[in-house]
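K.L.:
In case it helps, my numbering puts the sequence shown at residues 3 to 302. Ideal Cβ positions, reconstructed from N, Cα and C, are used throughout, including at glycine.
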Amino acid sequence: MKAAPFAYVRPTRIRDVVAELAAADAAGGGKVIAGGQSLVPVLAMRLGRAATLVDITSVDELRQVGVVDGELRIGAGIRQRRVEREHRGAVPLLSQALPWIGHREIRSRGTVCGSLAHADPSAELPAVATCLGATIDVAGPDGRRQIPATEFFTGAMATALGPCDLITSVRFPRPQEGEGFGFGEIARRHGDFALAGVAVAVRSDGTEPVRATVTSFGVSDRPQRRELPEKLKAAVAAAGPDASALATHLREATEDMAADVVTTEGDPSGSPAYRRRLIATLAARELVRAYVASQSRRTS
Ligand SMILES: Cc1cc2nc3c(=O)[nH]c(=O)nc-3n(C[C@H](O)[C@H](O)[C@H](O)COP(=O)(O)OP(=O)(O)OC[C@H]3O[C@@H](n4cnc5c(N)ncnc54)[C@H](O)[C@@H]3O)c2cc1C
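1) Tell me the rounded alpha-carbon separation between residue 49 and residue 85.
2) Given a cut-off of 7 Å, decide if residue 272 and residue 197 are closer than it, judged by their beta-carbon atoms.
3) Do residue 158 and residue 128 come within 7 Å of each other at the CB atom, strictly closer than that value?
4) For a test of your reading of the model: does the CB of residue 4 fall under 6 Å from any non-hydrogen atom of ligand 1? Yes or no.
5) Is the closest heavy atom of ligand 1 to the C-beta of residue 126 under 6 Å?
6) Closer than 7 Å by C-beta to residue 143: which residues in its own chain qualify, once you throw out the five before and the five after it? Chain order, please.
7) Counting beta carbon pairs with one atom in the segment 280 to 296 and one in the segment 245 to 260, are three or more of them shorter than 8 Å?
8) Below 8 Å on the Cβ atoms is my contact criterion, and I expect residue 55 with residue 8 to pass it. Report the Cβ-Cβ distance as a whole number of Å.
9) Near residue 176, what residues of its chain come up, given a Cβ to Cβ distance below 7 Å and the 5 sequence neighbours on each side ignored?
10) Would you mind giving the Cβ-Cβ distance between residue 243 and residue 212, rounded to the nearest angstrom? I have them listed as a contact below 8 Å.
11) Cβ of residue 217 versus every heavy atom of ligand 1: is any distance shorter than 6 Å?
12) Does the separation of the CB atoms of residue 292 and residue 204 fall below 7 Å?
13) If you run the structure through DSSP and keep just helix, strand and coil, what is residue 271?
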């Protein structure tokens with residue numbers, strides 16, 4: 003199949019992108035195109051249409067990436083592979099998650115912000131953004147605004163963006179002392195979208211975990227964030243210094259969490275019951291990994 007006919011514009015300033023989106027909205031609907039890794043297949047298979055494509059790859063203002071005020075700020079023109087190669091370790095959870103996205107060729111074209119805007123329930127980056135409490139910067143017809151990632155994803159392929167809104171950048175907080183992270187997913191083959199996955203952040207004060215956030219993905223219409231600090235604290239107390247026993251002590255808590263977060267109806271690749279088992283197992287494993295890392299990131 004081929005995409006339905008569309009007009010194509012390539013503005014060079016953010017305000018012109020927003021103006022083009024507003025003009026397109028009045029004349030049948032427009033879409034931002036960034037890396038095209040999700041949008042082009044959607045158009046080619048006629049799962050969606052756009053009267054106008056607004057290409058943002060010539061907007062210099064969107065090509066900024068770097069650490070500002072304790073956050074890694076990634077402009078909407080920045081490809082996933084660039085963050086993976088040039089900003090490795092700036093945000094450990096992001097570095098852990100990026101290699102799981104498709105294949106290197108996909109990441110060489112796909113943008114970080116494009117993945118957030120696309121909001122696939124099985125995508126890695128929305129889960130990382132939700133787990134870390136990232137902030138999404140948006141430009142629209144009424145000016146600029148910031149949306150917390152925890153409020154950005156509103157359903158499957160649905161976000162808080164309006165039809166004329168552009169994500170300009172996303173800001174991920176840099177790790178603090180005493181924080182550790184874990185990321186894991188199960189897919190049928192490497193590069194496939196996840197059947198189930200978790201992004202985990204733990205913060206420890208002394209040996210005590212004071213924060214334990216688990217964000218599950220691939221099992222619901224959007225990333226599901228849950229806080230388990232008391233459960234982790236109890237498991238650490240029960241397991242003592244034996245890290246290998248910790249996952250066993252966590253299993254009941256992660257099974258309860260999995261029963262709560264898995265709402266998918268299932269598909270030929272996995273029933274809801276199977277996905278609950280995956281989430282419970284992954285969450286216990288990655289909580290242990292994140293807790294151990296949080297201990298080694300303490301300076302006193
Ligand atoms: C074979 C294959 C395997 C893949 N595997 C995975 C995977 O395992 N995990 C995963 O997460 N993804 C996967 N992807 C998707 C890939 O990560 C895409 O790059 C990503 O989802 C979208 O980024 P993009 O820059 O290509 O966006 P585009 O395809 O250009 O756009 C996607 C959507 O986001 C909107 N959009 C893009 N940028 C903005 C912006 N700045 N502001 C507002 N709206 C915007 C577009 O209008 C469109 O609706 C895969 C893709 C392919 C082709």
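P.N.:
Taking the geometry as given:
1) 30 Å
2) yes
3) no
4) no
5) yes
6) 20, 24 and 166
7) yes
8) 5 Å
9) 69, 72, 73, 74, 92 and 93
10) That pair is no contact at about 19 Å.
11) no
12) yes
13) coil
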